[in-house]
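Last residue of the sequence shown: 245 (the numbering used here), numbering continuous.
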Amino acid sequence: FSLAASSGRLFAIGGRNVEGLLATTESYLPSSNTWQMRAPMESPRCCHSSATLPCGDILVTGGYISCAYSRSVARYSLESDSWSEQTPLDTPRGWHCSATLGGKVYVVGGSQLGPGGERVDVLSVEVFSPEGGTWSRAAPLRLGVSTAGLSPLADKLYLLGGWNEAEKRYKAAVQTYEPATDSWSRAEDLPEPTVGVSCCTLSLPPRHAPRRQQHRNTPRHEDPQQAGKNRSQERSETPTQTGRA
């Protein structure tokens, strides 16, 4: 299944179990630790991806539907608790990633079936614009991966790990996409190859809190002459202790 966050809730969408593909939508509310069933998708699917639009709606892309990789795109409205079909992808894909950056949804990587029925990497990157509900293309991946992790950070997308069909290997690669230049580049690899990874962006407080400004009359900034007078006055006012035999 895919998992997306919106309006303080988590939404688990689709997937599969022992009975087959699922069309279900379930929402989790952390404050009450409860799950609630929502309107199901029109078509059961797995191996899809979901991302949250700026308005709070959730966009589900691709996946495995009716024994084939799909171009289908569905949009869930939190306000009306309903699903609607959107303009489909150009390329059918599953096991891909999606993330929202700069108000647009980027659909990245994944795999589909080749002419001989074999799984092949999908290198194309498709970009969804919510205003017009249209798709465009971004620079393709240099290294195709499925079941990787994707997250935005500092105006870039970071694609971590994944499975490469061409080499039949798990990858430790970290690929970064910069919309300003419409280009992909390689960052430092992960410590080890990984697959089936999920990732998100965390906002952490500064490692060291800024020091408070010291008062001007603290010992470090005290006037030397005034400090001497204060010490003399303290000695003169110190009570004398007497002992008894």
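Yeah, the Cβ is synthetic: ideal placement off N, Cα and C, and Gly gets one too.
Between the segment 100 to 112 and the segment 74 to 82, the count of Cβ pairs shorter than 8 Å is below three; the stretches do not touch. In this structure, DSSP gives R137 an extended state, which the three-state scheme calls strand.
Closest by C-alpha distance to P152, out of L21, A172 and P179, is P179. With respect to the 9 Å criterion, V125 and Y177 are classified as neighbours on the basis of their beta carbons. With a 10 Å radius around the Cβ and a threshold of 16 neighbouring Cβ atoms, N164 comes out buried. Under the three-pair Cβ rule at 8 Å, the segment 82 to 94 does not count as touching the segment 153 to 161. Note on the segment 81 to 135: whole beta strand (DSSP E) runs with a minimum of 3 residues are 82 to 85, 97 to 101, 104 to 108, 111 to 113, 119 to 121 and 125 to 129, in chain order. G162 is positioned such that its CB atom lies no closer than 9 Å to that of T201.
Counted as a single uninterrupted DSSP element, the beta strand (DSSP E) harbouring R186 occupies residues S183 to A187. Less than 9 Å separates the beta-carbon of S27 from that of Q36. For F11, the enclosing beta strand (DSSP E) starts and ends at R9 to I13. Look at S72 here: in three-state DSSP terms it is coil, with no helix or strand label. Distances from the alpha-carbon of S7 to those of C46, L53, P44 and L22 put L53 closest. Per DSSP, G161 lies in no beta strand (DSSP E) and is assigned neither H nor E. In the structure shown, K168 adopts coil according to DSSP, grouped into three states. A Cβ-Cβ contact shorter than 9 Å links G144 with V122. Excluding its 5 nearest sequence neighbours in each direction, A138 has C-beta neighbours in its own chain below 8 Å: Y106, V125, E126, V127, Y177, P179 and D182, listed in chain order. Contiguous beta strand (DSSP E) elements confined to the segment 35 to 63 occur at 49 to 52 and 58 to 61, taking only those with 3 or more residues.
Between the alpha carbons of E131 and T100 lies a gap of roughly 14 Å. Judged by beta-carbon spacing, T25 lies within the 9 Å limit of A39, meaning their Cβ atoms are closer than that value. Counting every other CB atom within 10 Å of its CB across the protein chains shown gives L150 a total of 16 or more, marking it as buried. When rounded, the separation of the alpha-carbon atoms in L10 and N33 is 11 Å.
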